[in-house]
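Q:
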Amino acid sequence: MAAIIEVQMGAPPSRIRNFSIIAHIDHGKSTLADRLLEATGTVAPREMTEQVLDTMDLERERGITIKAQAVRMPYRAADGADYELNLIDTPGHVDFAYEVSRALAACEGALLVVDASQGVEAQTLANVYKALELNLEIVPVINKIDLPQSEPDLVAAEVESIIGIAKERCLRVSARTGEGIAAVLEAVVTQLPAPTGDPSLPLRALIFDCKYDPYRGVVVYVRVFEGSLRGGTHIQMMAGRGVFTVDEVGCFRPGMEAVDELAAGEVGYLIASIRNVRDSKVGDTITEAGRPALSPLPGYRQASPMVWAGLFPVDSDDYQDLKEALDRLQLNDAALAFEPETSAALGFGFRCGFLGLLHMEIVQERLEREFNLQLITTAPSVAYRVNLRDGRQVEVDNPDQMPDPAQVASIEEPRVKLEIVAPREFLGGIMELCQERRGEFRHLEYQAAERAVLTYDLPLGEIIHDFYDQLKSRSRGYGSMDYELAGYRPEELVKLDVLVAGNQVDALSTIVHRAQAAGQGRKLVRRMREVIPRQLFEVALQAAIGGKVVARETVPALRKDVLAKCYGGDITRKRKLLEKQREGKQRMKRVGSVEIPQEAFMAVLSLDR
Amino acid sequence: MTAEAPDQPPRSLYLHLPFCARRCPYCDFAIVVGDALLQDRYLEALLSELAWMSASGAAPRPLQTLYLGGGTPSLLGLGRLGRLLAAVEAGFGLETGCEVTMEVNPEEVTQATAAAWADLGVTRVSLGVQSLDDDTLVWLGRGHDSRTAESAVATLRQSAIPALSCDLIFAIPVQPTATFARGLDRLLSHGPDHISCYELTVEPGTQLQRWVANGAVPAPAEEDFLAQGKLAREALARAGLHRYEVSNYSRPGSESRHNLNYWTGAPYLAAGCGAHGFLGRSAAAALGIVGVGERVRYWHLRAAATYVRSVAAGEMGLRGREWLAGSELALERLALGLRLTSGVELSTPGQLEAGRRLAVQGLLLLEGRRVQATPEGMDVLDRLTLELAVA
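Residue numbers (our numbering), protein chains in the order written: chain A, 1 to 609; chain B, 1001 to 1391.
1) What do you reckon, are the CB atoms on Arg529/A and Val555/A nearer than 8 Å?
2) So Phe354/A and Leu336/A are supposed to be a Cβ contact under 8 Å. How far apart are they, rounded?
3) At 9 Å on the CB atoms, spell out the chain A contacts of Val1396/B, in chain order.
4) Which chain B residues sit within Cβ distance under 7 Å of Lys574/A?
5) Using the C-alpha atoms, what's the distance from Thr1096/B back to Tyr1067/B?
6) If you measure between the beta carbons of Arg366/A and Asp397/A, is that distance less than 8 Å?
7) Where do the ends of the alpha helix (DSSP H) carrying Pro1375/B lie?
8) Closer than 8 Å, CB to CB, is Tyr1198/B near chain A or not?
9) Can you find a CB in chain A that lies within less than 8 Å of the CB of Glu1294/B?
10) Quick check on the burial criterion: 16 or more other C-beta atoms within 10 angstroms. Buried or exposed for Val594/A?
11) Does the segment 212-228 of chain A come into contact with the segment 268-283 of chain A, if we say contact requires no fewer than three beta-carbon pairs (one atom in each stretch) closer than 8 Å?
12) If you reduce the DSSP assignment to three classes, tell me which class Leu1081/B lands in.
13) Consider the Cβ of Glu579/A: report whether some Cβ of chain B lies at a distance smaller than 8 Å.
14) Assess, as a yes-or-no matter, whether the segment 1286-1296 of chain B is touched by the segment 1074-1087 of chain B under the definition of 3 or more beta carbon pairs within less than 8 Å.
15) For Lys565/A, which three-state DSSP category applies?
16) So is Ala1112/B buried or exposed if we call it buried at 16+ other beta carbons inside 10 Å?
17) Looking at Gly1272/B and Leu1046/B, is the spacing between their C-beta atoms short of 8 Å?
18) Quick one: grab the DSSP three-state call for Arg415/A.
19) What are the start and end residues of each continuous beta strand (DSSP E) run of 3 or more residues lying completely inside the segment 216-297 of chain A, in chain order?
20) Please identify, using Cβ separations under 9 Å, the residues of the segment 1351-1369 of chain B that lie next to chain A, in order along the chain.
21) For the segment 529-558 of chain A, list every residue whose C-beta sits within 8 Å of some C-beta in chain B, in sequence order.
22) What is the rounded straight-line gap between the Cα of Leu485/A and the Cα of Val512/A?
23) Compare the C-alpha of Leu242/A against each of Ile286/A, Leu270/A, Leu578/A and name the closest.
24) Residues of chain A with CB under 7 Å from Val1390/B, in chain order?
25) Give me, in chain order, the residues of the same chain whose beta-carbon lies closer than 6 Å to that of Gly1265/B; leave out the 5 immediate sequence neighbours on both sides.
26) The alpha helix (DSSP H) spanning Gly521/A covers which residue range?
27) Starting from the beta carbon of His1276/B, find every residue of chain A whose beta carbon is closer than 7 Å, and list them in chain order.
28) Across the segment 538-545 of chain A and the segment 487-502 of chain A, are there enough close Cβ pairs to call them in contact, namely three or more that are closer than 8 Å?
29) So Val1129/B and Asp1167/B are in contact, right, with Cβ under 8 Å, and what is the actual spacing, rounded?
30) Return helix, strand or coil for Met306/A, following the three-state DSSP convention.
31) When Cβ atoms are compared, which residues of the segment 1286-1312 of chain B fall closer than 8 Å to chain A?
32) Going along chain A in order, which residues have a C-beta closer than 9 Å to the C-beta of Val1380/B?
33) Taking beta-carbon pairs under 8 Å, can you tell me which members of the segment 1310-1331 of chain B lie near chain E?
34) What does Trp1323/B pair with, by DSSP beta-bridge criteria?
35) List the endpoints of the continuous alpha helix (DSSP H) containing Arg351/A.
36) Quick one: give me the first and last residue of the alpha helix (DSSP H) that Asp321/A is part of.
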């Protein structure tokens, strides 16, 4: 009996290590994870696929992780004892910064993977700082030492100067060849702290992700900090308030495997007939309904959409399919919001809310690939608060729905508290960027001699487009950022309309600051002239503010498009070209008599400032 | 579309004779330069294919048109040409009044050759004049100058060959519009029945394309295309040559009957390397070409030497085929029909609506269900076709 219980119960906390891998894209996080899974026998070599933990096609292709994963690996260490290693894989982009912070909060330590020829990069730093804030122990791993251009000594020195971890502590591995992997596993056991937490206290478990399983409902990824979870436990979400009965707890090896109990210190999953991912909010604390904890774990933040955009099917017959596809995606994506929207230009579609532009791109790409839909996406916008003259306040996330200026008393725009961490030498360029984006300086401090933390208050609308890319380019990749909503403030905002061949196109309207409106209008129509193909007639493009035209461009009429010779062998070629062109044409949206390609609706995003 | 045309037997034959003295920098045709030894083997192969085709019964009735294209067919020499035409006549029969066209370069035209071609049965010469400006002809890499061209035209007009068509190229970057206009006028003074007037096209893989790509030669200009196209149209109309296809002008009744097949969807046989044929089900079945569809386009191996080997192996040089039916066929008929000034019938309400819209823009003339492109419409015909194809 005793032996059976021991197998089912999981290891004592002293034999558990919970850790995450922090890495820049392409620095080999997934390959390292693959090697660890192999070396511990968690996945048999013949079952190995590349990037085992990235299960979505999109993740494998883009080399990014979108959903977190948690896998339990058994490991017999050099000291002869058996350990339970829980690897928590995290998403890696500023759009998902909050999700990352929760996944890190579930760990005691992290492996910091740095490419031996590329050195430390910005994205990595953002997560390193986050891990340091959460008091995680960090073990640097210099990867790809097998490559001829690798410079592990230089990179180790860089790790020491930038992050402050002694260069002697850097492990050197090649995840590709497997060299040094054994040392990594030993370091996890010897250098990372074991979890602490009293299993007899009232239950506190952190939700760090969840996924929707069509057969079992929501699978909640948890880290138990205090108390324990087992089948039959009545649980309560401390922020979400929902009460559920646990059907099953288990861990990932890497497939789901039920266990009797998840005790303090352990990582695993629970299933409790939860129908909606919204009832299992990332960062929420699970407690026992009958014996609740006094306070939740720190750090919960309501994940709410930051940017809004219209998604319209190119073929209006696909509207119902689009609705069903969004429903399906939402099952697994609590941050995705949508509601029906009608556009005079684009027909029926949905106004969708996203965490950021990458999130938007991912949703759009999944809709197109997994559901085979052809979509037009309008330029993303933030949600404004509009104070009307009659005293009412309305929220407007679609520029076209901006009430008539005569009725508007004021427009408030959302602002964020933006924190940028970057080496001191780049501060000048970064501060300039923040000023250009209407930012207000708040604070500057140094975390280490060379590392500055810059705080700005700035409009959310100014950072959703290409702020992150600009930050990276102005800091040679070393700058990292994080932001949270920080209220609303009235600003001189106006709606910039676009007229195509004299007709206002609702889906092309944007909200801009009055001071920038005319310049923005000029750039917008100039850019649109480049992306709208020549038609059989001249097309006027105008930008207007409140009916007053501020910029005008013309797409000249097409005057020549004919094949001179069309005899025997030319005919097949001609027909095939026509078929291809016909397909391309069907991807365009006809607005009035003008055909507008998808890029035009996003033109505002590709304007340089 | 209109009701499906019945499965008529082919009454036309295209023969490809790939030999040329040189490759012009703008040419992307299937040709062979300077391989005299291949000519005999090629002729034997072509005769074998014709014999096989004739025996198949694919063309049970005498031919109405025969077209010897190239390359430079006249390079084959009178003896070989004689054997070839005799074989065609024996194998297929030529209807009385059959249009027999041969492509010819000006430098090969003498009173003697013209008389010999007439004796062989050639009724129509398509002469590669291209330009009447000497500098331009050098730039085009042609083997003749303007005097040779003019004298060839005059000789042919006085010969026993009744019909003459001249090829002209316009929108050539080195030829000013005024020079083009003067050349056209001189050519028209000789009274040709037919002119094919092509804009210079930069084809992929040609010397010209490389020149344009590396900046050695400017690309043909849109302004020249528009100005010279309009000028040609008007000058030709004054001379009594009406436009019946995008690039083809003729006196009434002198249209190329053979080439009209391409645009009206009529069936035709083809032999020789790179040649394309187009057949209904019965003729295709006779040639052993089977598949699903109403019409088939089939083609031959492009390289002459490979073609010769294939025929020797009993495979008749056939390289590929595509069967057409339904929407593909409809799209092709629309695209080809619009090239003719006689126009096409529109079939769907959507097409009629698009047709009305384009008529308002002055690009189409619409009468009942029938549309034809206006001169401005012809300049953007491919886009017009697309507009009607998606409607």
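Glycine is no exception: its CB is placed at the ideal position from the N, C-alpha and C atoms.
A: Inspection of the coordinates gives the following:
1) Cβ distance < 8 Å, so Arg529/A and Val555/A count as in contact.
2) 7 Å
3) The first residue shown for chain B is 1001 and the last is 1391, placing residue 1396/B beyond what the model contains.
4) Ala1335
5) 16 Å
6) no
7) Per DSSP, Pro1375/B belongs to the alpha helix (DSSP H) from 1375-1379.
8) yes
9) no
10) buried
11) Yes, they touch.
12) Here Leu1081/B carries a helix assignment [DSSP, helix/strand/coil].
13) Chain B contact via Cβ: present.
14) Segments in contact, no.
15) Residue state, collapsed to three classes: coil.
16) Ala1112/B is exposed by the Cβ-count criterion.
17) yes
18) In the structure shown, the three-state DSSP call for Arg415/A is strand.
19) 217-226, 228-230, 234-237, 243-245, 248-252, 256-259, 261-263, 267-271, 285-288
20) Only those residues of the segment 1351-1369 of chain B whose C-beta falls short of 9 Å from the nearest C-beta of chain A are listed: Arg1357, Leu1358, Gln1361, Leu1363.
21) Sequence-ordered contacts of the segment 529-558 of chain A with chain B read Leu536, Phe537, Leu558 [C-beta pairs closer than 8 Å].
22) 19 Å
23) Reading off the sequence, residue 242/A comes out as Gly, not Leu. Out of Ile286/A, Leu270/A, Leu578/A, Ile286/A has the C-alpha closest to the C-alpha of Gly242/A.
24) Arg582, Lys585, Gln586
25) The answer, listed in chain order, is Arg1333.
26) 514-531
27) Chain A residues near His1276/B: Gly568, Gly569.
28) yes
29) 6 Å
30) coil
31) Arg1297, Trp1299
32) Leu536, Ala557, Leu558, Arg559, Lys560, Asp561, Val562
33) Absent from the structure: chain E. Protein chains present are A and B.
34) Val1296/B
35) Note, Arg351/A: premise wrong, no alpha helix (DSSP H); beta strand (DSSP E) at 347-354.
36) Following the DSSP letters along the chain, one finds Asp321/A inside the alpha helix (DSSP H) bounded by residues 319-331.
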